[in-house]
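One structure below.
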Amino acid sequence: SQTIHQWPATLVQPVGSPLSLECTVEGTSNPNLYWYRQAAGRGLQLLFYSVGIGQISSEVPQNLSASRPQDRQFILSSKKLLLSDSGFYLCAWSAGAGGNTIYFGEGSWLTVV
Amino acid sequence: DAKTTQPPSMDCAEGRAANLPCNHSTISGNEYVYWYRQIHSQGPQYIIHGLKNNETNEMASLIITEDRKSSTLILPHATLRDTAVYYCIVRPPDAGNMLTFGGGTRLMVKP
Numbered sequence: 035s036q037t038i039h040q041w042p043a044t045l046v047q048p049v050g051s052p053l054s055l056e057c058t059v060e061g062t063s064n065p066n067l068y069w070y071r072q073a074a075g076r077g078l079q080l081l082f083y084s085v086g087i088g089q090i091s092s093e094v095p096q097n098l099s100a101s102r103p104q105d106r107q108f109i110l111s112s113k114k115l116l117l118s119d120s121g122f123y124l125c126a127w128s129a130g131a132g133g134n135t136i137y138f139g140e141g142s143w144l145t146v147v
Numbered sequence: 002d003a004k005t006t007q008p009p010s011m012d013c014a015e016g017r018a019a020n021l022p023c024n025h026s027t028i029s030g031n032e033y034v035y036w037y038r039q040i041h042s043q044g045p046q047y048i049i050h051g052l053k054n055n056e057t058n059e060m061a062s063l064i065i066t067e068d069r070k071s072s073t074l075i076l077p078h079a080t081l082r083d084t085a086v087y088y089c090i091v092r093p094p095d096a097g098n099m100l101t102f103g104g105g106t107r108l109m110v111k112p
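Here the protein sequences line up with chains A and B, keeping their order.
Numbering of the first sequence is given in my numbering, commencing with residue 35 and proceeding in unit increments.
Numbering of the second sequence is given in my numbering, commencing with residue 2 and proceeding in unit increments.
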């Protein structure tokens with residue numbers, strides 16, 4: 035069966051520091067991969083999605099970037115965090131060919147102080 | 002995605018069936034009904050989805066009315082760990098990365 039893991043689960047970082055959140059998917063090949071952000075009491079905001087290695091689409095211009103160095107690895111990064119980057123970040127995947135169900139990781143709580 | 006309407010909150014006794022309704026009167030012919038749930042501080046968990054026919058898996062059953070304008074998610078024997086916010090979503094098959102959560106229903110399972 036397929037599984038998705040992301041880490042770290044919680045992170046407290048000072049303003050201006052770098053960020054790296056990592057996500058891996060097991061049990062499937064060539065998945066579509068996503069990074070979402072969920073603000074408290076609000077819905078999901080799609081940040082990045084990827085249909086293959088090195089292929090990244092950005093939905094919202096911001097202080098963050100994403101990379102996909104391997105087929106089942108997705109990384110969310112920032113060179114200098116802002117206070118507004120605080121939030122709950124979710125990695126997710128769906129089957130690459132015709133798959134419509136999106137499966138989420140455990141989430142990472144980021145607090146920028 | 003078509004709009005959905007869910008009650009903001011519901012209570013259910015532990016061990017009893019939890020029936021969570023969802024109205025989606027503007028659903029299009031090719032849109033699927035999806036259910037997710039989110040336990041506090043965790044990522045959303047996929048539960049089940051369907052198009053026209055009723056569906057059942059190890060987690061829940063999904064009952065879709067014949068006109069497809071509403072559906073009900075049934076947790077047959079609710080446990081305390083089923084306490085969560087449940088989201089009903091309708092999506093076309095080519096929705097790709099689009100996933101819009103509404104307010105959902107906060108289900109409280111009580112002992």
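The beta carbon of each residue, even a glycine, is placed where N, CA and C say it ideally should be.
Fair warning: this is a prediction, and the values are worked out from it, not measured in the lab.
Residues that residue i contacts on chain B, provided the C-beta gap is smaller than 9 Å
{"i": "residue 134(A)", "result": "33, 35, 50, 92, 93, 94, 95, 96 and 97"}
Neighbouring residues, chain A, relative to residue i (Cβ below 7 Å)
{"i": "residue 100(B)", "result": "78 and 136"}
{"i": "residue 45(B)", "result": "138"}
Partners in chain A for residue i, counting only beta-carbon separations shorter than 8 Å
{"i": "residue 87(B)", "result": "The contacting residues do not exist; residue 87(B) stays about 14 Å from chain A at best."}
Integer Cβ distance of residue i from residue j, believed to fall under 8 Å
{"i": "residue 29(B)", "j": "residue 77(B)", "result": "Actually they are not in contact, since the Cβ atoms of residue 29(B) and residue 77(B) sit about 30 Å apart, beyond 8 Å."}
{"i": "residue 40(B)", "j": "residue 85(B)", "result": "4 Å"}
{"i": "residue 1(A)", "j": "residue 94(A)", "result": "Outside the shown range of chain A, which is 35 to 147, sits residue 1(A), and nothing can be said about it."}
Continuous beta strand (DSSP E) stretch holding residue i: start and end
{"i": "residue 91(A)", "result": "89-92"}
{"i": "residue 111(B)", "result": "106-111"}
{"i": "residue 91(B)", "result": "85-92"}
{"i": "residue 20(B)", "result": "19-24"}
{"i": "residue 80(B)", "result": "Careful: residue 80(B) lies outside any beta strand (DSSP E) and carries neither H nor E."}
{"i": "residue 158(A)", "result": "Outside the shown range of chain A (35 to 147) lies residue 158(A), about which nothing can therefore be said."}
Chain B contact for residue i (CB, 7 Å cutoff)
{"i": "residue 88(A)", "result": "no"}
{"i": "residue 61(A)", "result": "no"}
{"i": "residue 124(A)", "result": "yes"}
Cross-chain neighbours of residue i in chain B, by beta carbon under 8 Å
{"i": "residue 141(A)", "result": "42, 43 and 44"}
Proximity of residue i and residue j at Cβ, strictly below 7 Å
{"i": "residue 120(A)", "j": "residue 146(A)", "result": "yes"}
{"i": "residue 108(A)", "j": "residue 126(A)", "result": "no"}
{"i": "residue 63(B)", "j": "residue 74(B)", "result": "yes"}
{"i": "residue 34(B)", "j": "residue 51(B)", "result": "yes"}
{"i": "residue 78(A)", "j": "residue 102(B)", "result": "yes"}
{"i": "residue 55(A)", "j": "residue 142(A)", "result": "yes"}
Contact test: residue i Cβ vs the ligand SAM heavy atom, cutoff 6 Å
{"i": "residue 106(A)", "result": "For the ligand SAM, the structure offers nothing, since it holds no ligand at all."}
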